[in-house]
Structures are given as structure tokens and as C-alpha cells.
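Under full-length UniProt numbering, think of the first position of the sequence shown as 1, with each following residue one higher.
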Amino acid sequence: MNHFIKALDRTIFTLSHPRKMRKDNKKDEEASSGNPFANLDKTTVVQEARAFNETPINARKCNAILCKLLYLLQHGETISRTEATDTFFAITKLWQSKDATLRRLVYLAIKDLCNVADDVIIVTSSLTKDMTGKEDMYRAAAIRALCRITDSGMLQAIERYMKQAIVDKVPAVASAALVSSLHMLKKSPDVVRRWANEVQEAVSSDNHMVQFHALGLLYHIRSSDRLAVNKLVQKFGKSGLRSPYALCYLIRIAAKLVEENENGSDKSAFQFIESCLRHKNEIVIYEAASAIVKLPNITSGDLASAVSVLQLFCSSPKPAMRFAAVRTLNKISINYPQAVISCNVDLEQLITDQNRSIATLAITTLLKTGAEASVERLMKQISSFVSEISDEFKIVVIEAIRSLCMRYPRKHATMMNFLATMLRDEGGFEYKKSIVDTLITIVEENPEAKELGLSHLCEFIEDCEHTTLATRVLHLLGREGPSTQNPSRYIRFIYNRVILESTQVRAAAVTALAKFGAQCPQLRTSIEVLLKRCLLDTDDEVRDRATFYLAVLRKGNSAVMADYILNALQVSVVGLERALEQYVKGGHFEKPFDLKQVPVSAQPITSTETKKSALSVEAPVKKEEKIKASRHDIYAQQIAAIPQFSHLGPLFRSSQPVELTEAVTEYTVSMIKHTFNENILLQFDCKNTLNDQLLENVIVELEPQNEDGWKIEKILPLASLPYAQLGTTYTLLQLPEDGGVTGTFNATLKFQVKDVDPTTGEPESDEHYDDSYVLEEVEISVADHVQALNKANFSASWEQMGETNQVDETYALSTVNTLQDAVQNLLKYLGMGACERSDKIPEGKSSHTLFLSGRFRGGVEILAKARLALDPIDQTVTMNIIVRSEDSSVSELIGNAIA
């Protein structure tokens, strides 16, 4: 849109200042002349429009006024309906002028004012006269303006003229009629579909643009009929189209057919796309190659032909073709890196390309496809030009280095040294943030890279101007530093921040020091001395933190330090605010506020500064944007607004959507399970894909497969479900009295059907009939009753929980044959969270210990240790799980859940 506005500005300036455009030196003109419309006033321009009523018409003066008016309208200036109507009727007087420039501006003004002014229909006869006149200069513009003001009732009056214009010998007239018909197809599809014969005739036009526009209109006319679209591709794919633009559009139509054809029974569309790889036009060849690589489930054989074409484009003398080829190869390398390896020699030649965009994409593609032995050579090649590219492309390079480091962890030293060098260079916030994110990711994913990464980050915060990045690095040091071989080396870097930095950084540094004191007993005395010095800080936040942490450390109780220093508060901010409001409004202060009733957030709240937006340092953030409601908070608010479910209490957790139907069925249903203390609310989101049916009284009927004690307490039906709209029905289940948590139900969608008119959506009669549709089974699992938690210091929490309610069980996991699969299945089935990144298993290990933490429905905390062992001969996994919780029944439930 910005490009269009700039082009319009240049056009208006040209029309209103024709003499200036005769200058030979355009650069001198741009330097000497400013924008004549920069300080226009809408009221003044509207008053100047009265000059349109003068006799005789001053074409030069009217041109300038119309240019001003169009400039204001195109730049978003609003005009009242009265002003628009008066101006519109004044413009109609300009039809008396024979000036060609003025007439073309009149057409533009009519198009912009027709949606605001009243009684614009008055110019229909004048536009029709120009549309059918002999002046080809006016006909195309008149068609566009006439179709803009024509509604469905008036379309039949100009139908004959539109048919003639579509097959007109003048290309500009035919293109205007075709494009206008495409817009009118949305308003009056039945009328425009009657012009299919004329449109098909226009497809055979010799003009490339007319052929392109005609093919686009013909496709939209037939788009509702898949068979007709298939025939269209077959017909024009065999006959051949002269226009490269039309061929590119036909390739996109064929690619859409291939994507929709899941079973792959029809190969004709793909064969047509593949045949276009041998076309003589480069645009068509590239469009075919780009379409092939975007197809889902493409085979390596089919991909090879497209890659070979793109490989040839890499050596093209045209920079645009080289850029297009390397950008597409870059996209292929994300999912199919092996397919691009054959192009590595050509890509290495592009590293020295004069166009730095091409060089950047080439090097990032090589980073995704390169071998481990070539990492050092690639890093040297990047360093030769990385200082010459913009921050935006540097971020692309950094992302590629991150993925390469994940593939080849043994090369972390080379890549981290390179990133540290880039971190010391000049750059903006987003650039530095991407490097810090990459270093943090490498540290978290690769234990061998921890100390090197922390050293680089410590050097960075010594001269860091971005508060957000400094606090994030300090948080990482507090979390990872105590577990290194020599944790004392990081104390100096952290305490320097207390002395030299801003309030937010000082507060984060105090928290980091406290974490070292909690986890490193040998450093605790020194940390207490440093925290005493912080008691004299000028800011109350820093003093309060230092006082609090100092009191906790002096107690020397590992459980207290784990609760108040190491394990961050992990609650939803919006949920906490709502729970506190309800507690205050209730007035029952004799009972303490229960923090366990607040829902768990996806990310722990570590400190006020680390939860800020990434851009909070650079730009102010509105209050309502600082804390965004999570998915859980949105569901809780929606359910609380339903009177029938207001008694359920706080929402414990909500599951991810579960599809109960296939995606292509006539009725689609997805389910979300909402867990409360004593109930489970099933939310069924339904959609009707039949345009000739209206569904009423829609419910999902459940039938328990076993006598597990589940009771259906209430069903909230959906009153009406029109075509293509999403509606929701609810079923409330009461938990079994015997404490059971799992259950399986047969589900059936039941409803009443009314036949409706597909075009209007109105029921044909009041008669209806009952119908049903069988859905997939509804299953309630253990994970629906558990929230995942993340304990920063699992061992301290484990010792604090004690062995009082411990359960120890051993199982043979016959359904998995790798440790990683066992870990993922266990997390999914139990719904608990992995602590201390124990869900990451290094390669080659035959045994592993998984630390799990969660909260059971009702606020009961659970901890578990799962020891996994892989038998290399039988490829079977044996698991010993030890569960501790605050309730013995919950421990038994989790411990026996696998059985």
C-alpha cells in the first residue's frame, strides 16, 4: 500500500505540474522541489472545490484542486458525508471539459468518493457513455469507476456492455473489464458467472496482461467446482499460454490442486508443474520450482528436478534470479538439507557476491547443510563480510549458527567464539538480543559449552547498555553458575553490576548472588558479606531484596532456601489478580489466602525485570500490554461468565484441543477438557460445513464404556449452528466418589436439521428432523488432573517432601524402545514437568534419571524420580519410579498410573 501511495503521489504531481517533468535532470528536481501537498488543510481544499462550478471551466486550476483532494483521501484523511456529497456533485460539472488530464482525475475522484457521498448513481449515464464511446483513453477508466458504484440491482443494466468490453480489441479496456468483473464477482456471483464464455475467449488473447486477468477471473468463476478447475488446468496446460504471468498463475492453481489431493491419485497437475521447469521463460521456471518445493509430502526424487533448476539460477548474471534461487534453496534446507548439499559448490561462490543479501542467504544455507569438518572454514568466510551487512541479515546468520551448533555440538567452541566477537561489535538491540539468545540456548542444550558460554556472557555485561539483556544474563548466571566447577569466578562479574549499573540490574544481581549463596555452602559467608553492603543501596527494591535474602541465608535451612530463593513463584499473574479480588470481595479473612488455588503459568516469574517485554528498554509499553492473559486465563474468564457454571470455583487446568472428527467431514468437532476441583467440564467446539443445513439443539451425548462412577451433571446445548460458523456446547461431568480419575466415553453428536437455501441461509420451512453423527472416543487421563511445575532445585524439594507418602514401583515399558521415547511418553501421560532439564538425554546413554514435578487437582504437590534403563539386546526399557507427595492416595495414584 505504501508503494501504491508513493506512486499515486508521483502521478498526481506529474498531472498537476506537467512542465516540471520536462526537466532532464530528475535528481536536481528532487533536490530543489519539495512536496507541494505536505501541509494541506481538508477544509480549505473542500472550499476550493467550489471552483468546479465556475463557467468556463479552468482546467489547470481544477487539476490542481483534484490532485490535492486525491492526495488527502489516499493519505487517510476522513471527509464527512455532506462534504463528500457536495464535492461529488461539483465534480460532475467537470464532464463538460474536454481536457484529457482533468477527465482522468475525475474518474479517480469518483472512485474514492463513491463510498462516502450520497446519490452517486447520478453519474451512471455519463460513465456508460464514456465506457461505450470512441475515446479509448477514457473507456478503461470509465469501466473501473462505473463498476465501483454499480450495485447488484444495476449490474444487469450494463451486462451487455461488460461482455463487449471483456472481448474488446484494446488491451487496456479488456483488462479493466476483467479486473472489475473479478471485484463484482464478490457482490453478484450469479451474474458474473454468465460471462464465462466471453472470459474464456479473452484467455486466448494475444496480450499477456489480458490473458493473465482473464485466467484469474475464469478460475474464480469455477473455483467452487473442483472438477471444473481440474479441467481448466488440463486444458490450458496442454494448449499452452503465451503470457508468462498467466502460466505462473496456472502453476499456483495446479499446486493448490496437488495440496488438496491428499491421496495423490491425480498426477496430471503435478506433471504440468514439472513440465514448466523446461519452459523458456525464467519467471515461469522459477515459479514452477518454487511451487514444487512448497508442496507437502514431496519426495526427494521430485524435489531433485526443482533443486537442479535453482542450482542453474545460482550462476545467473541477473542478481534477481540469483537472489530468488538462493532464498528458495535456503527454505528447502530447513526441511530437506540433504537435497541442497549438491548445490554447496555454487553456494560457496555466492559468498563473495557483491549483493550482500545474496551472500548472507548463501552462507546461512551452507550453515544448514554443511558438514562438521567445514565449520571452521565457514566461520572464516562469514567473518570476511559480516561487518558489511545490516543487522537484519546478521540476525539471519545468527539463527543459522544456532541450528548448526545444535547439529554439531562438538564444534561449540568455534561458533561461540565467533558469536562473542559479533557481540563486541556495534549493533542494535534486536541484533544483540539474538546473539544472547543463541548463547543461552547453546549453554542450556550443551553441558560442555556451559562454562565457555558463561564467560562470554560475563564479558558482555561488563559493557552492556541494554537493561533487559543484562538482567537476563544475570538470571542465567544465578541459575547455571553455582553448578560449574569454579562458581566463585562469576561472583566478581555479578557484584560489579551492584556497584555500577541501574536499579533493575542491581536488583537482578542481588538475586543472582543469593542463588550462589543458597547452592554453594563454601561461598555463603562471602555472599552474606556482599549482601550486607547492598543494605545501604539508594533504591528500596535492592535493599528489600538484600534484607530478605540475607535473612533466608542466615537460617541455613536448605528447604527454606529452596522455597524462597531457588524455586521461583510459578503462577499466572492474571489468575493471581482475579483470585485476590475474589478473596477480598468475599470478606472471609479468617481463612488465609490459598496460593495453591491460583493456576500455574507456563513460565515461572523469576523477577520483575525478566518478565518485561523484550523491547521495554527501547520503547515504552502500555500498561495493558505488560501482562497478557494466557490461554488458561481466557478460558477461566469465559467459563465464569456462564451462569450455569459459576459455582464450579477456580479453573485448575485446560487441556489442548482434541479433534474428535476428521478435518474433511461434514461436521467437525474438537474438545477441550477443563478441570475443576470436583468436576470436569468438556467444551465441544462444533462447525457445520454443509451450506444447505441449519443445525439446532446441538449436544454431544456421552456414554461411559465402564462403570467407573462418572456422572453427567449438566449439558448446555448449542441453540443454533449455521453454515461455516463455530459454536460451542458443554457437558459437565462429576468426578467419581471413589476417587477415580480416568474414564472413557463413547461420544455422539446429536442435533436437529433444518433445510436452508444455500445462497441466503434462510430456512426453507419450519420442519426439522433429528440426526446424529458418531464421534471419536472421549478419554479422561491422569494428565487432566495434574499441572506441570518446574523446580529449580529438585534435590532440596525432594528432601523437604520426605518419605512419609512415598510409593516405589517398577515397570517394563514394552511400547517404547528408546529412552527419549520413554521420557516423552511419560511426560505426556502423567502431565508433570521435567526439572533441571532432565528430559534431555545425551546420545549413547543406556540409563537416565528423570526428575518430575507437578501439582495434583486440589493443590497437592507431587515429586517423582523415574530411573530408566535400556536393554541394548532386547531394546526394551525398564523404569523404576519413586513418587512423593503431600497425600498418600495421590502418591499411589501416580505410582500405579503406568500399570
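Just so it is clear, CB atoms sit at the ideal spot from N, CA and C, and this is done for glycine as well.
Below 8 Å on the Cβ atoms is my contact criterion, and I expect V510 with V542 to pass it. Report the Cβ-Cβ distance as a whole number of Å. 6 Å
Identify whether V621 lies in helix, strand or coil by the three-state DSSP scheme. Residue placement at V621 cannot be trusted, given a pLDDT of 34 that sits under 50; the coordinates are not used to answer.
Compute the beta-carbon to beta-carbon distance between A897 and V782, rounded to the nearest angstrom, for a pair I have assumed lies under 8 Å. In this structure A897 touches V782 by the C-beta definition: roughly 5 Å separates them, less than 8 Å.
Counterpart residues of V700 in DSSP-defined beta bridges: L749
Just the Cα atoms here: how many angstroms apart are S390 and K433? 15 Å
For Y811, which residues from the same chain have a beta carbon less than 6 Å from its beta carbon, with the 5 sequence-adjacent residues on both sides left out? Result list for Y811: M879 and I898, in chain order.
From C458 to V505, what does the alpha carbon distance come to, in whole angstroms? 14 Å
Pairwise C-alpha distance: A291 and A141: 35 Å
Once DSSP output is grouped into helix, strand and coil, what is the label at L536? The DSSP-derived three-state label of L536 is coil.
Which value, in whole angstroms, describes the spacing of the CA atoms of I65 and V45? Each residue's alpha carbon lies about 7 Å from the other.
Within 10 angstroms of the Cβ of V883, are there 16 or more other Cβ atoms? Answer buried if so, exposed if not. buried
When you compare each of K754, G556, F393 and I158 to Q522 by their alpha carbons, which one comes out closest? Out of K754, G556, F393 and I158, G556 has the C-alpha closest to the C-alpha of Q522.
Ordered along the chain, which non-local residues of its own chain (more than five positions away) have a Cβ less than 7 Å from that of I494? L474, L477, A509, A512 and L513
Q734 - containing beta strand (DSSP E), residue span: L726 to Q734
Just to confirm before moving on: does the CB-CB distance between N344 and L378 stay below 8 Å? Cβ atoms of N344 and L378: not closer than 8 Å.
Assess contact between the segment 804-820 and the segment 762-781, defined as three or more Cβ pairs (one per stretch) separated by less than 8 Å. Is contact present? no
With a Cβ-Cβ cutoff of 8 Å, do I358 and R322 count as a contact? yes
V326 versus I57: straight-line alpha-carbon distance, rounded: 57 Å
Whole-angstrom distance between L830 and A214, CA atom to CA atom: 58 Å
Start and end of the beta strand (DSSP E) containing R855? Run containing R855: S847 to F856, per the beta strand (DSSP E) assignment.
Near V890, what residues of its chain come up, given a Cβ to Cβ distance below 7 Å and the 5 sequence neighbours on each side ignored? F856, V860 and I862
Residue environment, M162, which counts as buried when at least 16 other CB atoms sit within 10 Å: buried
Does the segment 215-234 come close enough to the segment 179-186 that 3 or more CB-CB pairs lie under 8 Å? yes
Compute the beta-carbon to beta-carbon distance between N691 and Y723, rounded to the nearest angstrom, for a pair I have assumed lies under 8 Å. Confirmed, Cβ separation roughly 5 Å.
Excluding the five sequence neighbours on either side, which residues of its own chain have a C-beta within less than 6 Å of the C-beta of F593, listed in chain order? Y583
State buried or exposed for M406, treating a residue as buried only when at least 16 other CB atoms are found within 10 Å of its CB. exposed
Given that a residue counts as buried once 16 or more other Cβ atoms are within 10 Å of its Cβ, and exposed if not, what is N446? buried
By how many angstroms is the C-alpha of G481 removed from the C-alpha of P487? Looking at the two C-alpha atoms, the distance is approximately 6 Å.
Start-end ranges of the alpha helix (DSSP H) lying completely within the segment 472-533, minimum 4 residues: Runs found: 491-500 and 503-519.
Give me the Cα-Cα distance between I873 and N817, rounded to the nearest whole angstrom. 11 Å
Could you give the distance in angstroms between the alpha-carbon of I642 and the alpha-carbon of D887? Take the alpha-carbon of I642 and the one of D887: they are about 33 Å apart.
Among all the DSSP beta bridges, which residues are the ones paired with N880? T810 and R867
Opposing strand residues paired with I672 [DSSP bridges]: Q683
Does I898 come out as helix, strand or coil in the three-state DSSP assignment? coil
Just the Cα atoms here: how many angstroms apart are R226 and V170? One alpha carbon belongs to R226, the other to V170, and they sit about 33 Å apart.
Curious, which full-length alpha helix (DSSP H) runs of at least 4 residues does the segment 227-289 contain? 244-260 and 268-275
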